[in-house]
Amino acid sequence: MEIREIDTQKILGEIEKEVEKIFYEFSRLKVAVFGDSMLDSYLIGDTTRISPEAPVPVVHISKSYFKPGGAANTAVNIKKIGGCKVKLFSVVGEDKEGNILEDLMKKEGVEVFFVRDRSRPTTQKTRVIARGQHVVRIDTEKTHNIEYTLAEKIISELKEEEFDVIVLSDYAKGFFSENITNAIKEKRNSAKILCDPKPQNIKLFEGVYMILPNIKEAYEIKKIVAGGKEENLNETARKIRENLKIKKIVITQGEDGLSFFSESEAFHIIAFAKDVYDVTGAGDTTTAAFALCEGIGLEDEKSAVFASICASCKVSHLGTYSPTKTEIVKVLKNLINFK
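Sequential numbering of the sequence shown, starting at 1062, is according to our numbering.
Below is the structure:
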């Protein structure tokens, strides 16, 4: 099966005609997000000299702020884009960073079920930005698997509710284990499960509905599940899908767009972004958009184009960012007019 290029102008026009209906249907969904949440910290400043102590810039900080990261960012993206009910299941430390993240989520209108783990800090990624340039990132984290008793708390909470769509956001920080993923699969009922996976955990996600790795991760996943030499993208996707019993695969490729694969379809979409300022969190935005589209049963081509629009909104902003309906519709109209 050849990978075909789709007629994006045609699909854009079709989305525009039903855009209000699409967003209305989004708003009626109930979505669960499970995974590794993080607190993204930003230190913004200026630099005019090199440190006398080491060959590094001295940055004078003028402002700082926090944003939800990882699974928390995916949850916020779903809330902002879809305007629907979203619940985040995750683990944080018994620390002020966990409190900050919980407060941020509540302000965004996302319900949270955070398990507090005294054996780890809340995962935090601190980015220092000077003159618009990313100078350094400092990570505070522990990535061991969460204890069985904590996992059981998450499973117990899961059993109390029903969801239309389930998203698994894996950053390999210790949230996902066999008992948690099995419990989610058993509980799914009619809900589609979408997963943004890390290769080392891929076998935990066998049998989910859709996975959304980037191209580097896709090749690593294929090597894990099927072995052999590196192959073209089409064969890579087929072997992943067949070995893991997955219905659909979306492989993101940054500025080269994304490719979609199922048993009967294989197509590619170019990236819509003209100005790429920061790719942080772009995968979360793509996953969020596909989750909403799958939740309402939108056709695959429309889902892929819609997700590409959302990703183009994100990469034009610094740091993790969630596009709004107004921004998405504006970009949609601009793309239609830019023939």
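Ideal Cβ placement from N, Cα and C applies to all residues, glycine included.
Using the C-alpha atoms, what's the distance from Tyr1103 back to Thr1187?
For this step, residue 1187 is matched to residue 126 along the sequence shown. For this step, residue 1103 is matched to residue 42 along the sequence shown. Distance between the alpha carbons of Thr1187 and Tyr1103: 6 Å.
Short check: CB of Glu1362 to CB of Ile1139, under 7 Å?
Along the sequence shown, one-based indexing puts residue 1362 at 301. Along the sequence shown, one-based indexing puts residue 1139 at 78. No.
As a quick exercise: from Glu1079, Ile1285, Leu1273, pick the residue whose alpha carbon is nearest that of Ser1323.
Taking the sequence shown and counting its residues from 1, one reaches residue 1323 at position 262. With distances taken between Cα atoms, Ser1323 lies closest to Leu1273.
Pull the bridge partners of Pro1129 from the DSSP assignment, please.
To locate residue 1129, count along the sequence shown from 1; it is residue 68. For Pro1129, which the question treats as bridged, DSSP gives the partners Leu1100.
Enumerate in chain order the residues of its own chain whose CB-to-CB distance from Tyr1209 is below 8 Å, with the five nearest sequence positions on each side excluded.
Within the sequence shown, residue 1209 is the residue found at index 148, counting from 1. Taken in chain order, the residues that qualify are Asn1240.
Straight-line CA distance for Ile1397 to Asp1178?
Taking the first residue of the sequence shown as 1, we reach residue 1397 at position 336. Taking the first residue of the sequence shown as 1, we reach residue 1178 at position 117. Taking the straight line from one Cα to the other gives about 49 Å.
State the Cα-Cα distance for the pair Ser1320 and Cys1354, rounded to the nearest angstrom.
Here residue 1320 corresponds to residue number 259 of the sequence shown, with the count starting at 1. Here residue 1354 corresponds to residue number 293 of the sequence shown, with the count starting at 1. Near 16 Å, if we compare the C-alpha coordinates of Cys1354 and Ser1320.
Go ahead and label Thr1385 buried or exposed: buried means 16 or more other beta carbons lie within 10 angstroms of its beta carbon, across all protein chains shown.
By one-based count along the sequence shown, residue 1385 stands at place 324. Exposed.
Rounded to whole angstroms, what's the CA-CA distance from Phe1266 to Ser1123? Just pull it up for me.
In the sequence shown, counting from the first residue as 1, residue 1266 sits at position 205. In the sequence shown, counting from the first residue as 1, residue 1123 sits at position 62. Taking the straight line joining both Cα atoms gives about 43 Å.
Taking one C-beta from the segment 1142-1159 and one from the segment 1093-1107 each time, how about it: are there three or more such pairs within less than 8 Å?
The segment 1142-1159, when compared against the segment 1093-1107, does touch it at the 8 Å Cβ threshold.
Under 6 Å: does the beta carbon of Lys1308 sit that close to some heavy atom of the ligand MG?
Only the bare structure without any ligand can be found here, which leaves the ligand MG out of the picture.
Hey, which unbroken runs of the alpha helix (DSSP H) at 4 residues or more fall wholly within the segment 1145-1214?
Complete alpha helix (DSSP H) runs here, min 4: 1157-1168.
Whole angstroms is fine: what's the gap from Ala1093's alpha carbon to Ile1227's?
By 1-based counting over the sequence shown, the position of residue 1093 is 32. By 1-based counting over the sequence shown, the position of residue 1227 is 166. Going from the Cα of Ala1093 to the Cα of Ile1227 covers about 5 Å.
Using the rule of at least 16 other Cβ atoms within 10 Å of the residue's Cβ for burial, across every protein chain shown, is Glu1388 buried or exposed?
If you number the sequence shown from 1, residue 1388 lands on position 327. With 16 or more other Cβ atoms within 10 Å, it is buried.
Would you call the segment 1221-1235 and the segment 1187-1198 touching, i.e. three or more CB-CB distances under 8 Å?
Short answer: they don't touch.
Less than 8 Å between C-beta atoms, sequence neighbours within five positions excluded: which residues of the same chain meet that for Leu1211?
Within the sequence shown, the letter at position 150 stands for residue 1211. If we look at Leu1211 and ignore the five residues flanking it on each side, its Cβ neighbours are Val1152, Val1176, Asp1178.
On the CB-based measure, 16 or more other CB atoms within 10 Å of its CB, does Tyr1085 come out buried or exposed?
Here the question's residue 1085 lines up with position 24 in the sequence shown. With fewer than 16 Cβ atoms within 10 Å of its Cβ, Tyr1085 is classed as exposed.
With DSSP as the reference, label Phe1328 as helix, strand or coil.
By 1-based counting over the sequence shown, the position of residue 1328 is 267. Here Phe1328 sits in strand by DSSP.
So, Glu1292 versus Pro1260, is the Cβ gap smaller than 7 Å?
Position 231 of the sequence shown, counting from 1, holds the residue named residue 1292. Position 199 of the sequence shown, counting from 1, holds the residue named residue 1260. No, Cβ-Cβ distance for Glu1292 and Pro1260 is not below 7 Å.
If you reduce the DSSP assignment to three classes, tell me which class Leu1319 lands in.
If you number the sequence shown from 1, residue 1319 lands on position 258. In the structure shown, Leu1319 sits in a strand (DSSP, three-state: E or B).
If I measure Cβ to Cβ from Ala1252 and keep anything under 7 Å in the same chain, skipping five residues before and after, which residues do I get?
To locate residue 1252, count along the sequence shown from 1; it is residue 191. Counting only Cβ-Cβ distances below 7 Å, and skipping sequence neighbours, we find Phe1224, Asp1225, Val1226, Ile1227.
Out of Leu1359, Thr1135, Leu1162, Ala1244, state which residue places its alpha-carbon closest to the alpha-carbon of Gly1344.
Here residue 1344 refers to the residue found at position 283 when the sequence shown is read from its first residue. Residue Thr1135 is the option with its Cα nearest to Gly1344.
Is it buried or exposed, Ser1383, if we count other Cβ atoms within 10 angstroms and call 16 or more buried?
Against the sequence shown, residue 1383 aligns to sequence position 322. Buried, because 16 or more other Cβ atoms sit within 10 Å of the Cβ of Ser1383.
Val1117 by DSSP, collapsed to three states: which one?
Here residue 1117 is taken as the residue at index 56 of the sequence shown, counted from 1. Coil.
Indicate whether Ala1350 and Ala1368 have their beta-carbon atoms separated by less than 7 Å.
Numbered from 1 along the sequence shown, position 289 holds the residue referred to as residue 1350. Numbered from 1 along the sequence shown, position 307 holds the residue referred to as residue 1368. Cβ atoms of Ala1350 and Ala1368: closer than 7 Å.
On the three-state DSSP scale, how would you describe Thr1313?
As a first step, residue 1313 must be located in the sequence shown, where it is residue number 252. It is a strand residue.
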